[in-house]
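See below for the structure under consideration.
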Amino acid sequence: MGFIIFGSPDRRGMGQAKHATIACVKLAGWICFVPAIIYGQAVAVTGKVTNAITHEPIPGVTIRVFGSNDVHQTSTDANGVFRVQGIENCCRVLFDKDGFEAVGPSNLQFRAAANPAPLNLTMAPWPTLRGRVLDPKRQPIPGSTVEAINSFGGRKTAKTGSDGGFSFEHDLSPGEYVLIATPPMPNLNDSAELAPTYFPSATERESAATLVLKAADEYSGADIVVRQAPVFRVAGIVLDERGEPAGGAVLHLPTAAAKATADGNGRFEWPRVRPGNAVAQADWRRGETTLRGFAAIAVRDCGFEDLKIRVAPPVVVAGTVELDGKPARLAGNASLEPIDGEGSPASASIGPPGIRFDAVYPGRYRLRVSVHKGLAHSTYLDSVKLGDRDVTMDEFEIAPGMGPFRVVFKTGGGRVSGTVRDGVGGLVVLAPRNERQRVPEFMAVSFFSGAFFQVENVRPGDYYAFAIKGTFNQGRMSDPSYATRVLSGAPVVRVENGGTATVTLVYVNDPSVQ
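For the sequence shown, our numbering begins at 880 and goes up steadily by one.
If you want it as structure tokens, here you go:
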């Protein structure tokens, strides 16, 4: 997906040229950039979209052009060409096609007092991935399910054919993946079964190999040799929040092939559980309410009989949002992410009363918050407080009777300015030195033209700073291996409230798309 914005730039360091910025943003966290020149008048936006690898035109790309008062939508024709006329105060351009990734920059320019020259947009096809699922004797296993899991936890699924082969044909976006294969009929005998196995042949995710898929890659030979694993009996009891047996509770365990159901005394068993770490989940209905509980288990070389899971009803979790010490009416989203699987994800919108999660099951969580602030850094997230405790990016326990939390935003912050060597425009990225804060809500990403840049309203702290011309996968910065490659050689700047840090930057490349 591409997202292009034409607007009024900061003209410092740009001479007499009348520049605007064309920025290209993939809404899932990808950002790219193209510089341009344009006047605020009615124009015709034309262009062509081509395959960055084959240079052939790409038909069927959806093009949306946003003027000051309306939105025009069209698609590229068989020659990859599009045209939209009569756009006033141009513009924003969004382009998108399944199976392709926007790339840039294109270094486009427009003549003054004239319609802009045609846009030359390029997209790269998503990679292909092929392999086989084999048993321990390296015989094919038809009907196996293969999941490709990216670093965000997103999953795509394929089935193996009669030859054990599977393929993902241009439906995996560039990035890092682990593969796991689950055989259709796992039972071998009373004491062993074919276990879900990670590529190339590991039953634990920690031992899985990571596949780095780049745009237009053709990756073959991702064969997964399924491992044989022993199985053990795990049994226990489900109790409600009052300590009473929860007869009829339904239990799920990722390392067991089948679910279990508690009897009238709350007792349950899984007769076949594979070794490994997992979180058991129990659900039990009381009237119209579903009670839920979790328990982490570790099976090594034997089972056990005394697993206890307590279920509880969901609770309301609420909090306030403030800006510069006053109640704020900010629009955005919040999410509660369970730690180590011990809880259920929850999401809520930020509204005038603040944030309210209507049904959260007790457990350990981390709160994530983001506001809708477009491309302008008008606010920054300062902290999340639970009572007197600062729980910003920290885990905390959700339980009945917990008090409200406070989400604190601020304006002002500091400023980072400087130049980019051989600068032709692009993005400046400030990534916190604190690894836990390398998530979108704590990073600063700003467009610039020419060689000069200035990033306003930056949260005080220490940052790695770098510039980028093409695409940038902002969401991947929480992956330490990815961040290490991007940040290698990047200078560190200290941002202080009300201060200005000056730095000279160089361009880096996003390793996801190289």
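For each residue, glycine too, the CB sits at the ideal point set by N, CA and C.
CA-CA distance, Ala1139 to Arg1151, rounds to 11 Å.
Taking a C-beta distance under 9 Å as the contact criterion, Thr1199 and Arg1285 qualify as a contact pair. The Cβ neighbour count for Arg1268, taken over all protein chains shown within 10 Å, is under 16; the residue is labelled exposed.
Looking at the DSSP output, Ile1176 shares a beta bridge with Ala1157. Cβ-Cβ distances below 8 Å link Glu1097 to Pro1006 and Thr1007 in the same chain, with the five nearest sequence neighbours on each side left out; the list follows chain order.
A Cβ-Cβ distance of about 6 Å is found for the pair Leu1000 and Gly926, placing them in contact under the 8 Å criterion. Per DSSP, Pro1217 lies in no alpha helix (DSSP H); the unbroken beta strand (DSSP E) holding it starts and ends at Gly1211 to Pro1217. Under a 10 Å Cβ-count criterion, Glu1083 is classified as exposed, with fewer than 16 other Cβ atoms of the shown protein chains found around its own Cβ. Under the three-pair Cβ rule at 8 Å, the stretch 1159-1175 does not count as touching the stretch 1199-1210. In the structure shown, Val1385 falls within a coil segment according to DSSP collapsed to helix, strand and coil. Contact check for Val1117 against Gly1182 fails: the beta carbons are separated by 9 Å or more. The beta-carbon distance between Val1307 and Ala1344, rounded to whole angstroms, is 7 Å. This is short enough to meet the 8 Å contact definition. Taking every protein chain shown into account, the CB of Phe1031 has fewer than 16 other CB atoms within 10 angstroms, so this residue is exposed. Between the stretch 1332-1340 and the stretch 1350-1361, the count of C-beta pairs closer than 8 Å stays below three; the two stretches do not touch.
Take Ala1125, set aside five residues on each side of it, and the residues of its chain with a beta-carbon closer than 8 Å to its own are Val1117, Leu1118, Asp1119, Ala1141, Gly1145, Ala1161, Trp1163, Leu1170 and Val1190, in chain order. By the neighbour-count criterion, in which 16 or more other beta carbons inside 10 Å mark a residue as buried, Pro1004 falls on the buried side. The shortest CA-to-CA distance from Gln1107 to any of Gly1054, Asp1069 and Val1371 is the one to Asp1069.
Going by beta carbons, Val1104 and Pro1079 fall inside the 9 Å limit.
Short of 6 Å from the beta carbon of Gly1233, and not among the five residues preceding or following it, lie these beta carbons of its own chain, in chain order: Gly1198, Thr1199 and Val1200. Shown here for Ala1094: same chain residues with a beta carbon closer than 6 Å to its own, the five before and five after excluded, namely Glu980, Ala1003, Pro1053 and Val1392 in chain order. The Cβ-Cβ distance between Ser1214 and Ser1223 does not fall below 9 Å. Remark: three or more beta-carbon pairs, one from each stretch, lie closer than 8 Å, so the stretch 930-946 and the stretch 957-964 are flagged as touching.
Rounded to whole angstroms, Val1091 and Gly1266 show a C-alpha spacing of 43 Å. Looking only at Val1239, Asn930 and Leu973, the smallest Cα-Cα distance to His951 is reached by Leu973. For Gln1018, the secondary structure class from DSSP, reduced to helix, strand or coil, is coil. Excluding its 5 nearest sequence neighbours in each direction, Val1371 has C-beta neighbours in its own chain below 8 Å: Arg1312, Asp1341, Tyr1342, Tyr1343 and Ala1344, listed in chain order.
For Val1337, the beta-bridge partners assigned by DSSP are Gly1293. Proximity to Val963 across Ile1229, Arg943, Gly978 and Asp975 peaks at Arg943, based on C-alpha coordinates. Residue environment for Ile1277: buried (at least 16 other C-beta atoms within 10 angstroms of its C-beta).
C-alpha of Gly1022 to C-alpha of Glu1320: approximately 42 Å in a straight line. In terms of CA proximity to Gly1220, Ala1157 leads the group Leu1058, Thr1061 and Ala1157.
Taken in chain order, the whole beta strand (DSSP E) runs of length 3 or more contained in the stretch 1016-1079 are 1024-1029, 1034-1038, 1044-1048, 1054-1061, 1066-1068 and 1071-1073. Secondary structure of Val1365 (DSSP, three-state): helix.
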